[in-house]
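Read the structure below first, then the notes.
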Amino acid sequence: MPRGYRTPHADRLRARRRGVRQELIRQAVAAEAAGFDFVEISDHYHPWLDVQGHSPFAWTVPGAIAVKTDRIGLATGVTCPTVRSHPAIIAQAAATLALVSDGRFTLGIGAGERLNEHVVARGFPSTRKRHGMLREALEIIRLLWRGGYRS
15 MPRGYRTPHA
25 DRLRARRRGV
35 RQELIRQAVA
45 AEAAGFDFVE
55 ISDHYHPWLD
65 VQGHSPFAWT
75 VPGAIAVKTD
85 RIGLATGVTC
95 PTVRSHPAII
105 AQAAATLALV
115 SDGRFTLGIG
125 AGERLNEHVV
135 ARGFPSTRKR
145 HGMLREALEI
155 IRLLWRGGYR
165 S
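Laid out in structure tokens, this is it:
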């Protein structure tokens, strides 16, 4: 069974804004040295309270980790490719990380949670509606990953 290390949410690091990203990278390097199989980065939009500090962009940190590591897998935990982020953008980001990390990236996706998705002020769909949106997003992502011209 693969063993994974989930980086702490940035607010739990209690680090200054400039130190959070470096601490997440340091922990991922240490996880690889300890024998973990993958490291997961939380895709949270921002902290929920001012005292929680800073949440880095989930699509930047794995790229930095990929440069500092050789073996450990990378994953988002989890990205919602519907409300806050368009599936075409997620497809491009995931494909780019897969290339930068020499195939070590895994896209972790989900239907979203109000806590992270409501921030774009477009409302928050029901669970049934979000599951339908997720199915459609997966179709779009898979279509784009096939390459060529798509409409």
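Residue numbers (our numbering): 15 to 165.
Note that beta-carbon positions come from the ideal geometry of N, C-alpha and C, so glycine has one too.
Met15 has its alpha-carbon roughly 25 Å from the corresponding atom of Val114. Assignment of beta-bridge partners to Ser56 by DSSP yields Gly91.
Between Ile79 and Ile39, the C-beta gap is smaller than 9 Å, which places the two residues in contact. Between Gly87 and Thr120, the alpha-carbon positions lie close to 7 Å from each other.
Here DSSP, grouped into helix, strand and coil, assigns Thr21 to coil. In the three-state reduction of the DSSP assignment, Thr110 falls in the helix class, which pools H, G and I. Our two residues, Ala48 and Leu111, have alpha carbons roughly 23 Å apart in a direct line.
When beta bridges are read from the DSSP output, Ile123 appears opposite Thr93.
Minimum Cα-Cα distance from Glu127 among the listed residues Arg164, Pro76, Gly91 corresponds to Gly91.
For the set Ser99, Ala109, Tyr19, the Cα lying nearest the Cα of Phe50 is the one of Tyr19. Judged by DSSP secondary structure, Met15 falls outside any alpha helix (DSSP H); it is assigned neither H nor E. When the alpha-carbon of Thr141 is set against those of Pro70, Val43, Thr96, the nearest one is in Thr96.
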